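Here the structure comes first, spelled out in structure tokens, and everything after it is commentary.
Numbering (the numbering used here), first residue to last: 2 to 83.
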């Protein structure tokens with residue numbers, strides 16, 4: 002199932018050299034451990050700069066968004082097994 006979420010989430014990240022790498026996140030009272038960061042890209046939404054992370058958690062895929070203006074994380078999209 003593919004779902005557009007746009008929901009706030011809590012993310013555990015590691016700061017490595019000049020990169021931010023998400024390690025896990027909580028969504029719908031469930032913790033997801035990130036196995037792989039497939040892609041990182043950035044873009045602007047109005048005046049805000051956003052970073053997007055396409056990540057894999059076992060056979061599930063998620064798109065996480067980070068708003069640099071308010072330092073908040075969002076789950077943008079989810080493709081997961083029920």
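Ideal Cβ positions, reconstructed from N, Cα and C, are used throughout, including at glycine.
Every value quoted in this text rests on a predicted model; they were computed, and no experiment measured them.
A Cβ-Cβ separation of about 12 Å leaves residue 56 out of contact with residue 67 under the 8 Å criterion.
The residue from 53, 79, 61 and 36 with its alpha-carbon nearest to that of residue 72 is 53.
Under the DSSP definition of a beta bridge, residue 13 partners with 25. Straight through space, the alpha carbons of residue 74 and residue 35 are spaced by roughly 15 Å. According to DSSP, residue 61 shares a beta bridge with 58.
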